[in-house]
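Here's the structure we're looking at; comments come further down.
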Amino acid sequence: MMEPYVRHTGRLAALPRANVDTDQIVPKQFLKRVERTGFGPALFHDWRFRADGSLDPEFELNVPAARGASILLTLENFGCGSSREHAVWALREYGFRAILAPSFADIFFANCCQNGLVPVRLLAQEIAELFRRHRAAGGEYRLTVDLEEQRVDDGLGFRTAFAMEPYRREMLLSGLDEIGRTLLAEDRIRAYERTRGGGRGRRKGDRW
Amino acid sequence: MSRTLFAKVWDAHIVEQLPEGPALLYVDLHLVHEVTSPQAFEGLRRAGRQVRRPALTVATVDHNVPTGERRAPITDPIAARQLDALAANAAEFGLELFDLESPQQGIVHVIGPELGLTQPGMVIVCGDSHTATHGAFGALALGIGTSEVEHVLATQCLVCARPATMEAHVTGSLADGVTAKDLILALIGRIGTAGATGHVIEYTGTAIRALSMEERMTVCNMSIEGGARAGLDASGVEPQVTWGTSPGMVTPVTGRVPSPGDFPTEAERRAVARALEYMGLAPGTSLEGLPVDRVFLGSCTNARIEDLRAAARVVRGDGRRHVAPGVRAMVVPGSQQVKAQAEREGLDRVFLEAGFEWRNSGCSMCLGMNADMLQSGERCASTSNRNFEGRQGRGGRTHLMSPPMAAAAALAGRIVDIRSWAPAAS
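Those protein sequence lines, which keep their order, are chains A and B.
Read in my numbering, the first sequence has 158 at position 158, and its numbers run on one by one without any break.
Read in my numbering, the second sequence has 1122 at position 122, and its numbers run on one by one without any break.
Encoded structure:
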């Protein structure tokens, strides 16, 4: 189902903003679709495009060096606010495979792991160093984010390890169908329902 | 040490402790709405899966429903398609749906408690970040993404790493004119918007115990906007007004807009400068007296009957008050049942006679997915929960505050301090 992620090397785009909320990542006017696709053009819409529809050349993702970027470097609490998974679909469809930040909002982090977008938490000073290297390279800066080895490496001396919950890592590495996996625990779920009921006990319409 | 309420609820819902860390948790109530569910149902269909417990899954329409005339056809074809999709999915999978014709329709976090679906000790999930609202009842209530919605539909379980807990201990009592909204805004202002990441907050202390259930819902509702371990004395809290583009950018109404230079880090200075530019505010401007163009009384934070009563008390005042010239003010009840209750109490007439619009329920201008939106540059006094850039409409400027403060702003045409502004009717 989900595209597995083992390692990825790509161009870095820098978005030095803190508390980027999912309303900015995908504004509400694009949430009315009933599909999982078609959100790429909506990514950061109100920042990328001026009110007249033209590209805003000052927005970080619109600078020439950010074209084709597949790794996003940003600041703390990325993805806060609304639970909309559309934000992750938009980032993926636009071409991002990994995001580096000091911290992520909880629901956004979980949504990333459901969609093969790897959220990498690094120390604030490591993030600052990456911003510095990105700037020093005039924006022409590439990185490898290796999930199997849990390492970020620019091949130029920046090399650091990152943590990822084993369950999330396994899911991302294998492109796991989480529902299929949970359904393997059918006996346990059924046993829970028999002993505890769930909800307020057995209800009309229950098939078990 | 005795276990926290969180630990008791968590432990009672573990179906299986997965070896890699997270637990498979049983879900007692799954609330579904039109915006974050269509892709989940489509996933079920493609995999040939059913909804495991239709009786524990309840759907309503709220996010993009029009709040005007209910019988009129929906003019936004894309919104209509999403509403139709939920109706078709509910029918196909056998779920109860509170649709636009239903007298029980309303914002998902208002109707859950109202219909008695929300109960203490439950694990409750919904594809919406403000699910935390149900925590007021001693339920563990988690906002989830669409992939997780699909997972819960198919398995009635959620895979979830055990969060840490933190306590927000609030002593003292709230002064006159100060509400639960001010309490939670003050808390977020003190501890920032990211402190509670990875945590569930338990609210304790005399000030919390003194709150009504509706007030507790307001507090829990905004837990998602911030939080960290914190102590707070409620008696020191003043009416709060946000000045920036994040709920943590907040100050007492007696305060002034800060200057980027007041903040310690470069990132904060940049964020504040950007927020002030977006909000069209200069450092040092006093919040009190700031003119507003629009007023929104609504949302899952502040559109329950007590909120409407509190706002109506301000409006009723000496009986001669009217919405200020040039201001457009709307009241959007949290559910059709709240609306009906308010009408039985005559609150609709209070608002209508004073020049407020009295509308049908929905999320409305909290997030502007329907026609209720700010125009660019418009300044709004809002009882909702997020003052993010563009949240209420591209270029719109949102100031979060309590229902009495928003009602007073509508009448005065500017932000006022409810404690000193035109005393209520004698």
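Idealized CB from N, CA, C, for every residue including glycine.
Beta carbon of residue i nearer than 7 Å to that of residue j
i	j	result
B/N1221	B/T1133	yes
B/L1024	B/C1157	yes
B/T1204	B/H1169	yes
B/G1172	B/A1210	no
B/P1163	B/H1199	yes
B/L1297	B/V1331	yes
B/R1414	B/M1279	no
B/A1175	B/Q1240	no
B/R1349	B/R1328	no
A/N111	B/S1246	no
A/V152	A/L117	no
Residue from the options whose Cα sits closest to the Cα of residue i
i	options	result
B/R1190	B/M1249, B/M1401 and B/R1216	B/M1249
B/C1366	B/R1003, B/M1122, B/H1130 and B/G1284	B/H1130
B/L1142	A/D146, A/I107, A/L123 and A/A136	A/I107
B/D1372	B/E1306, B/R1414 and B/S1299	B/S1299
B/A1055	B/E1202, B/L1153, B/R1046 and B/G1068	B/L1153
B/T1060	B/D1011, B/D1099, B/V1272 and B/G1172	B/D1099
A/T144	A/L12, A/N19 and A/R194	A/L12
A/T221	A/N62, A/V88, A/V63 and A/A101	Coverage of chain A is limited to positions 1 through 208, which leaves residue 221 of chain A absent and any answer about it impossible.
A/R97	A/L176, A/L172 and A/I189	A/L172
B/G1393	B/K1008, B/S1364 and B/A1085	B/S1364
B/D1128	B/V1237, B/S1037 and B/R1320	B/S1037
B/V1323	B/A1412, B/R1045 and B/Q1375	B/A1412
Beta-carbon proximity list for residue i, same chain, < 7 Å, skipping 5 on both sides
i	result
B/T1218	A1180, K1181, I1184, T1301 and N1302
A/A65	G138, G139 and E140
A/L31	R84 and H86
B/G1255	L1287
B/G1043	E1150
B/V1237	L1174, V1178, D1182, L1183 and A1186
A/R48	L55, D56, F59, L61 and N62
Alpha-carbon to alpha-carbon, residue j and residue i
i	j	result
B/P1073	B/E1277	39 Å
B/A1312	B/A1267	42 Å
A/L43	A/A90	5 Å
B/E1288	A/S70	46 Å
B/N1360	B/A1088	23 Å
A/R80	B/G1192	The amino acid at residue 80 of chain A is misidentified as Arg; the sequence shows Cys. A/C80 and B/G1192: Cα-Cα distance of roughly 12 Å.
A/E35	B/V1032	17 Å
B/I1418	B/T1383	14 Å
B/G1227	B/G1145	Unreliable placement is indicated for B/G1227, whose pLDDT of 37 sits below 50; the coordinate value is still reported in the next sentence. Rounded to whole angstroms, B/G1227 to B/G1145 spans 21 Å at the Cα level.
B/T1285	B/V1257	5 Å
B/V1272	B/I1014	43 Å
B/D1076	B/A1085	14 Å
Chain B within 7 Å of residue i, Cβ atoms only
i	result
A/T195	no
A/V20	no
A/P64	no
A/D56	no
A/G198	yes
A/Q114	yes
A/R97	no
A/E3	no
A/S70	no
A/S174	no
A/A185	yes
A/E85	yes
A/I189	yes
Same chain, Cβ closer than 8 Å to residue i, five either side skipped, listed in chain order
i	result
A/R50	D56
B/L1005	G1138 and E1202
A/G124	Checking the sequence shown, residue 124 of chain A turns out to be Ala, not Gly. Closer than 8 Å at the Cβ level, and outside the excluded window around A/A124, lie E76 and P102.
B/V1338	G1106, V1110, E1114, A1303, R1304, I1305, L1308 and S1361
Chain A within 7 Å of residue i, Cβ atoms only
i	result
B/R1391	yes
B/Y1026	yes
B/P1260	no
B/G1021	yes
B/Q1375	no
B/P1291	no
B/F1006	no
B/G1143	yes
B/S1246	yes
Residues near residue i by beta carbon distance below 6 Å, same chain, minus five either side
i	result
B/F1351	V1331 and W1358
B/E1016	L1024
A/L61	A13
B/M1083	Here residue 1083 of chain B turns out to be Leu, not Met, going by the sequence shown. Cβ neighbours of B/L1083 beyond the five flanking positions: E1034 and V1061.
B/H1094	One point to set straight first is that residue 1094 of chain B is Gly, not His, in the sequence displayed. Cβ neighbours of B/G1094 beyond the five flanking positions: P1054.
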